[in-house]
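All remarks here apply to the structure that follows.
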Amino acid sequence: MTTTAADRTSPVRDLLATAVAALGGQQRDGQVAMAEAVADAFADKEHLLVQAGTGTGKSLGYLVPALLHDQRVVIATATLALQHQLVERDLPRLVKAVGTVPGVDASYAVLKGRSNYACLHRVREGAPDDQGQLIQAEDAMGAMGRKVLELRAWAEKAAEDRATGERDDAPRHTDKEWRQVSVTARECVGASKCPFGEECFAERAKEKAQKSHLIVTNHSLLAIDAVEGIPMIPEYDAVVIDEAHELAARVTQAATDELWAAEVERAARRSIRHVEGEEAEDLADAADALRAAITDAPAGRFEHVPEALADALVLVRDAARACVGAFPKAESGSDPDAAMTQAKGMVQEVLTTAERMAANSEADVLWRTEGTDRIPPMLCIAPLQVWAQMRDKLLSDNTVVLTSATLMLGGDFATVAGSVGLKPSERVAPGAPAADWPDDAQPWRGLDVGSPFDYAKQGILYVARHLPPPGRDGLGPAQLDEITELVDQADGRTLGLFSSRRAAEAAAEHVRKKLPHLTTLAQGEAQLPELARQFVEDPHTCLFGTLGLWQGLDVPGDTCQLVIIDRIPFPRPDDPLMSARQKAADQAGGNGFMQVAATHAALLLAQGAGRLIRTTSDRGVVAVLDPRLATARYGSFLKASLPPMWPTNDPKVVRQALGRLSGRA
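In the working numbering, the protein residues as written are 505 to 1169.
Below, the structure written as structure tokens:
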């Protein structure tokens, strides 16, 4: 008997209805369409891109079919905030609602990188100092020592209670303090050798994942597992990538390495007491050569690596290789030497990075940072592109569902699909049945399930066409006056998204001076959660900031009725990776500006504009102070990437609308 599409999706519809009813929600057409499409993708082994606007309920739209899938599914998020929402809110509520339904395996686990868990070996034995000697927190008393003692006590309690030992659950701390109670994968002595292996938080998390139907992780760990080929996640059949608009950037970030002279020197110092020959001293000498070469090299991307720098990288590579080989082999049955394991891990890391940089591959981009008074310049290397790796290693082995509120740039899926390795020629037409494809093909479908919001009635897109184009010197008097007038009409209630910290601070200073009766906050004046709390609590408040506010800030209601964007967020012309990608696209016969710079800007614009309408009752204005959105040829591409708000260039119309919303008109 033939199974029809309706037969296949009926269980998904039924379970989704049960879940929504149990959770006291309201079923949405877009959510149902998404759940059915995800189930079809799993069954037909076709990749799926599904754009689900804010308010669709996309978490349930993929979690329900994932629970019904007959094999393990991985859920990967970009941000800790969404991962926390899934694990602390969505999944527990869903499991409570449908966990007893026959045929539903509601087991799930969270999996993070090893450094996200406390290490009991380090907690109990101490962390090595710069000379490789193990030190206890008591030996470093003071503020940091007291905090490390607090973290150790927390970790011991977590071990006793069989808790997760995750960093997110730990007492408040800094990165430096956390490093005293955690290890990286290379520093780990290994579960089989560690005297505390049976209690290990990271190993327990892996064991739980092995027994679970759903695994919640992040883009970076998924990239390490699938793209770099380092096994981190138990075998799975399908993966759902939420916040998928960030995937290519996160994979790039995971594949980016850094090298600076001080780190090479530190690895050499750690190795001296473990290596009997002169290999550690040779590595220290190589660090000196690298420092001199980096100092003499120009900042920015290297199209041709300076000879002195190329020689220094080879010197570091060869010295690190010799040093790794000089570490003594651990004796069978002996306790692991944590200090030696960490020292060897540090040298191995130096070797891997120096080897990659010395190879001078056309597939990588190498550059030198500017450096600051506190941070010396260093070398960075990143892949020129990541779509081929994702196609060969992630897409070829698993069914992949990519979802986000922002997947259609310029009104089409092609840009995001191409960034992860999907070809336009492999797109399956809407409604077309599954078909036979060549073995190397990766068929995919695109689906926009819309949004429950009526953007044309809820929001206005105002482009200040009368303003002069933005200059290199930041905000001019015309832009500052425009910001002040808009904020005044909105009576606060403003989120300002700026291209630089300097612009955000200048705008904040100007608004404070002109509108002292309002509260104006600027990013950097306090931690972001504290600023967001103040912004939400008092509607007569403005919050101005940069990239950290463009994505992830969720402030529904009267708090935010005006979003100001000072300029189109193109990448900086001197951005090493973006400029290299743009040049490569031009050389391949494409349009580098549109494929790289305009795409980057479209994504950020869509995310920034998306801060305005968060519920069906929200109303407001997105004001873009860059006239190029209305006058430049690429403006139509950028506007097609935004929510379909009512457009205007008339400042009087916008001021009147804001006045009505704030009760001033």
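Where is the CB? At the ideal position from N, CA and C, for every residue including glycine.
Ranked by Cα distance from residue 775, the options 848, 766, 810 and 817 are led by 848.
Three or more pairs of CB atoms, one per stretch, sit closer than 8 Å, so the stretch 674 to 692 contacts the stretch 614 to 623.
When rounded, the separation of the alpha-carbon atoms in residue 654 and residue 668 is 17 Å. For residue 845, same chain residues with a beta-carbon under 7 Å away, outside a window of 5 residues either side, are 691 and 693 in chain order. Inter-segment contact for the stretch 1066 to 1080 and the stretch 1094 to 1104 is present: three or more beta-carbon pairs are separated by less than 8 Å. Around the beta carbon of residue 986, a 10 Å sphere encloses 16 or more other beta carbons of the protein chains shown; the residue is thus reported as buried. Between the C-alpha atoms of residue 980 and residue 804 there is a straight-line separation of about 28 Å. Residue range 1045 to 1049 is occupied by the beta strand (DSSP E) that includes residue 1046. Between residue 997 and residue 1028, the alpha-carbon positions lie close to 19 Å from each other. For residue 887, the secondary structure class from DSSP, reduced to helix, strand or coil, is strand.
By the neighbour-count criterion, in which 16 or more other beta carbons inside 10 Å mark a residue as buried, residue 664 falls on the exposed side. Between the C-alpha atoms of residue 780 and residue 770 there is a straight-line separation of about 17 Å. Close CB contacts of residue 824 within its chain, under the 7 Å cut and outside five residues either way in sequence, are with 787, 851, 854, 855 and 858 (chain order). Of the candidates 660, 972, 884 and 708, the residue whose Cα lies closest to the Cα of residue 757 is 884. DSSP places residue 551 in the uninterrupted beta strand (DSSP E) bounded by 551 to 555. The residues 959 and 960, in chain order, have a CB closer than 8 Å to that of residue 1148 in the same chain once the five nearest residues on each side in sequence are set aside. Under the three-state reduction of DSSP output, residue 658 falls in the helix class. Counting every other CB atom within 10 Å of its CB across the protein chains shown gives residue 749 a total of 16 or more, marking it as buried. Rounded to the nearest angstrom, the gap between the Cα atoms of residue 821 and residue 735 is 26 Å. Counted as a single uninterrupted DSSP element, the beta strand (DSSP E) harbouring residue 949 occupies residues 948 to 952.
Where residue 798 is concerned, there is no enclosing beta strand (DSSP E), although the alpha helix (DSSP H) around it starts and stops at 783 to 800.
In the DSSP assignment, residue 1151 is bridged to 965.
Unbroken beta strand (DSSP E) runs of no fewer than 3 residues, entirely contained in the stretch 1035 to 1096, are found at 1045 to 1049 and 1066 to 1069, following chain order. Ranked by how close their Cα comes to the Cα of residue 719, the residues 521, 702, 782 and 575 have 575 in first place. Its chain contains 797 and 801 as the residues whose beta carbon lies nearer than 6 Å to that of residue 813, once the 5 sequence neighbours on both sides are disregarded; these appear in chain order. Taking a cut-off of 8 Å on C-beta distances, the stretch 1109 to 1125 touches the stretch 959 to 979, as three or more cross pairs fall below it.
Straight-line measurement puts the Cα of residue 733 at about 47 Å from the Cα of residue 1041. The shortest C-alpha to C-alpha distance from residue 1067 to any of 950, 1020, 901 and 1124 is the one to 1124.
Beyond the five residues adjoining it in sequence on each side, residue 728 comes within less than 8 Å, by CB distance, of 617, 734, 736 and 758 in the same chain, given in chain order. A direct Cα-Cα distance of roughly 23 Å separates residue 1049 from residue 678.
Here residue 1101 carries a helix assignment [DSSP, helix/strand/coil].
Counting only the Cα atoms, residue 1061 lies some 39 Å from residue 651.
Classified as buried, residue 992 has 16 or more neighbouring CB atoms from the shown chains inside 10 Å of its CB.
The DSSP assignment places complete beta strand (DSSP E) segments of no fewer than 3 residues inside the stretch 1106 to 1135 at 1124 to 1128, in order along the chain. Residues 928 of the same chain have their beta carbon placed closer than 6 Å to that of residue 918, with the five preceding and five following residues left out of the count. Spatial neighbours of residue 1108 in its own chain (CB-CB distance under 6 Å, excluding positions within 5 residues in sequence) are listed in chain order as 1054 and 1073.
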